[in-house]
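> Each residue of the sequence shown is one higher than the one before, counting from 1 in full-length UniProt numbering. Where a beta carbon is used, it is the ideal one built from N, C-alpha and C, also for glycine. Here it is, the structure, as structure tokens.
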Amino acid sequence: MTTIKEIAEMAGVSMTTVYNVLHGNVKKVSKANMEKIQALLDEYHYVPKMGLRALKNNSSKIIGVVIHTSRYYENTVISDTFYSHVIGALEESLRKEGYYMMLYAAEDLEEIFHMSLAWNVDGLIAITFKYHNYIKLKTLINKPIVAIDLIDKEAEDYVNVGLQDENGGYIMTKYLLEKGYEKIYVCARKNAGVDHERWIGYRKAWEEAGKSYLTNDFISLNETEQDRNKNYQMMMKFIGKKTALFFLSDMFAVEAIHYFQKQGVIIPDELGIAGFDGNILGKYCYPRLTTVYQDVTEKGKTAVKIMIDILENRLKSGLDVKQPVTLIKGNSV
Numbered sequence: 001m002t003t004i005k006e007i008a009e010m011a012g013v014s015m016t017t018v019y020n021v022l023h024g025n026v027k028k029v030s031k032a033n034m035e036k037i038q039a040l041l042d043e044y045h046y047v048p049k050m051g052l053r054a055l056k057n058n059s060s061k062i063i064g065v066v067i068h069t070s071r072y073y074e075n076t077v078i079s080d081t082f083y084s085h086v087i088g089a090l091e092e093s094l095r096k097e098g099y100y101m102m103l104y105a106a107e108d109l110e111e112i113f114h115m116s117l118a119w120n121v122d123g124l125i126a127i128t129f130k131y132h133n134y135i136k137l138k139t140l141i142n143k144p145i146v147a148i149d150l151i152d153k154e155a156e157d158y159v160n161v162g163l164q165d166e167n168g169g170y171i172m173t174k175y176l177l178e179k180g181y182e183k184i185y186v187c188a189r190k191n192a193g194v195d196h197e198r199w200i201g202y203r204k205a206w207e208e209a210g211k212s213y214l215t216n217d218f219i220s221l222n223e224t225e226q227d228r229n230k231n232y233q234m235m236m237k238f239i240g241k242k243t244a245l246f247f248l249s250d251m252f253a254v255e256a257i258h259y260f261q262k263q264g265v266i267i268p269d270e271l272g273i274a275g276f277d278g279n280i281l282g283k284y285c286y287p288r289l290t291t292v293y294q295d296v297t298e299k300g301k302t303a304v305k306i307m308i309d310i311l312e313n314r315l316k317s318g319l320d321v322k323q324p325v326t327l328i329k330g331n332s333v
């Protein structure tokens, strides 16, 4: 690899001048020399050593992203459309700000704590963490932490980018009631975290309509697709009974549509199906999925903006941003 000394010799300048161009200190560098040095840096694909830059700026320019995977994944966490989109948005936004991203995802919290302590990062972005684990992580590393979709919040000593989850559950349920459905069941892995907030919104709309709560209005879905097929088989009893299934993930909603269609069920004539997320899965399934849209990319961008504000001392703590939700009317209800 070409060295700073070699670049300086080819440009006919001192090594200090090359360093000044690299670090943006160009007030005392002539335009001609600056252009000559930059051309050589580009030609020889010179990459500054991060260690030297870190020593100079007292910063690693690295942001760690840690994901607590609380659900079972048949492939990897990255295969989940929510995580893949938010990770993509984080990486792009951090790169534009001059930072690098390190990623670690695990179900075992101790692994996450250990890895976070081992990293030399300027800050952490923690995705789908429970509040008490967020606080523990914050105490352990003593670095800025921005949460995305923090769960079971207790105090206000956190920084989080979340969603109007309760409102999402509310607007979808209200719409399904307006469509004439007499029974609506909420379907998700567990009635906890953001899914619980969405279920609360469902119950709020149900109560406003003057209806008595259904028995077992929340249906817990099994972990694997093979086992979830047993859930869908049980739901066959709802066919033709003015019933809608409100899945709190587009992935499960589309999976259910495919299952029912294989059984000869006509969606939505015999059974209504709605989702939550508004990702590409629902856009290209048939019939097109009615869902609640959240801008996952904006979630990632907002988390990075807040992190930079903290690192540059424009923000300290106590912020809970809730991104808006939008009803997307498809043809599945």
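Where E6 and G24 are concerned, what is the direct C-alpha to C-alpha distance, given to the nearest angstrom?
So the two alpha carbons sit approximately 19 Å from each other.
> Which residues bound the alpha helix (DSSP H) around A274?
Counting along the chain, A274 falls outside any alpha helix (DSSP H), though it belongs to the beta strand (DSSP E) covering G272 to D277.
> For H85, which three-state DSSP category applies?
H85 falls in the helix class under three-state DSSP.
> When you compare only the Cα positions, how much space is there between K329 and D122?
In a straight line, the C-alpha of K329 is about 42 Å away from that of D122.
> Counting along the chain, where does the alpha helix (DSSP H) carrying A205 start and finish?
Per DSSP, A205 belongs to the alpha helix (DSSP H) from G193 to E208.
> Can you give me the Cβ contacts of M102 inside the same chain, cut-off strictly under 8 Å, excluding the 5 residues immediately before and after it?
I62, I63, G64, V65, W119 and V121, listed in sequence order.
> Do the region 317 to 328 and the region 247 to 265 meet, that is, are 3 or more Cβ pairs less than 8 Å apart?
Not touching, per the Cβ criterion.
> Within the present structure, is the beta-carbon of K262 separated from the nearest heavy atom of the ligand GDP by less than 6 Å?
The ligand GDP is not part of this structure, which contains no ligands at all.
> Excluding sequence positions up to five away, which residues of its chain have a Cβ less than 8 Å from the Cβ of L55?
At L55 the pLDDT is 47, less than 50, meaning the model places this residue with poor confidence and gives no usable figure here.
> Mind checking which residues open and close the beta strand (DSSP E) that includes V321?
Here the beta strand (DSSP E) through V321 covers L319 to Q323.
> Could you check the C-alpha separation between Q323 and V18 for me, to the nearest Å?
So the alpha carbons of these two residues sit roughly 45 Å apart.
> Quick check on this structure: which residue in T297, I310, V333 and V325 has the alpha carbon closest to the alpha carbon of S93?
Cα-wise, what sits closest to S93 is T297.
> Kindly list the residues whose CB is nearer than 8 Å to the CB of Y202, restricted to its own chain and excluding five residues on each side of it in sequence; keep chain order.
Excluding sequence neighbours, Y202 sits near G169, Y170, M172, T173, I184, V186, D217 and F246.
> Take L238 as the anchor and find which of H85, N33, S212 and I266 has the nearest alpha-carbon.
This sequence places Phe at residue 238; Leu is not what is there. Selected option, being the one with the closest Cα: I266.
> Alpha carbon to alpha carbon, how far is E107 from V77?
Roughly 10 Å between the two C-alpha positions.
> DSSP state of Y293, grouped into three classes?
Three-state DSSP puts Y293 in a strand.
> Looking at the secondary structure, which residues open and close the alpha helix (DSSP H) in which F113 lies?
Unbroken alpha helix (DSSP H) run through F113: L109 to A118.
> Using the C-alpha atoms, what's the distance from A126 back to K138?
Distance between the alpha carbons of K138 and A126 is about 10 Å.
> Identify whether K329 lies in helix, strand or coil by the three-state DSSP scheme.
In this structure, K329 counts as coil in the three-state DSSP scheme.
> Straight-line CA distance for V21 to L281?
One C-alpha to the other measures close to 47 Å.
> Taking the alpha-carbon positions, what's the T16 to K153 distance?
Roughly 51 Å between the two C-alpha positions.
> Less than 7 Å separating the beta-carbons of L117 and N133?
Contact: no.
> If you draw a straight line from the alpha carbon of V321 to that of E312, how long is it in whole angstroms?
Cα-Cα distance, rounded: 19 Å.
> Short of 6 Å in beta carbon distance, which residues of its chain neighbour P268, apart from the five on each side in sequence? Order them along the chain.
The residues are S332 and V333.
> Ignoring anything shorter than 4 residues or poking outside the region 6 to 41, list the alpha helix (DSSP H) runs there in chain order.
Listed in chain order, the complete alpha helix (DSSP H) runs (minimum 4 residues) inside the region 6 to 41 are 15 to 22.
> What are the start and end residues of the beta strand (DSSP E) that includes I145?
That run of the beta strand (DSSP E) goes I145 to I148.
> Can the beta-carbon of L90 be found less than 7 Å from the beta-carbon of G300?
Yes; because the gap between Cβ atoms is below 7 Å, this pair is in contact.
> Under a Cβ-count criterion, where at least 16 other Cβ atoms within 10 Å of its own Cβ denotes burial, should S212 be classed as buried or exposed?
Burial call: exposed.
> Are the beta-carbon atoms of V325 and Q226 separated by less than 7 Å?
Contact: no.
> Considering only DSSP beta bridges, list what K262 is partnered with.
According to DSSP, K262 bridges with nothing at all.
> With a cut-off of 8 Å on the beta carbons, I'd call I4 and P144 a contact; round off their distance for me.
Incorrect: roughly 32 Å between the Cβ atoms, too far for contact.
> Apart from the five residues just before and just after Q263, which ones in its own chain have a Cβ nearer than 8 Å to its Cβ?
So the qualifying residues of the chain are M236.
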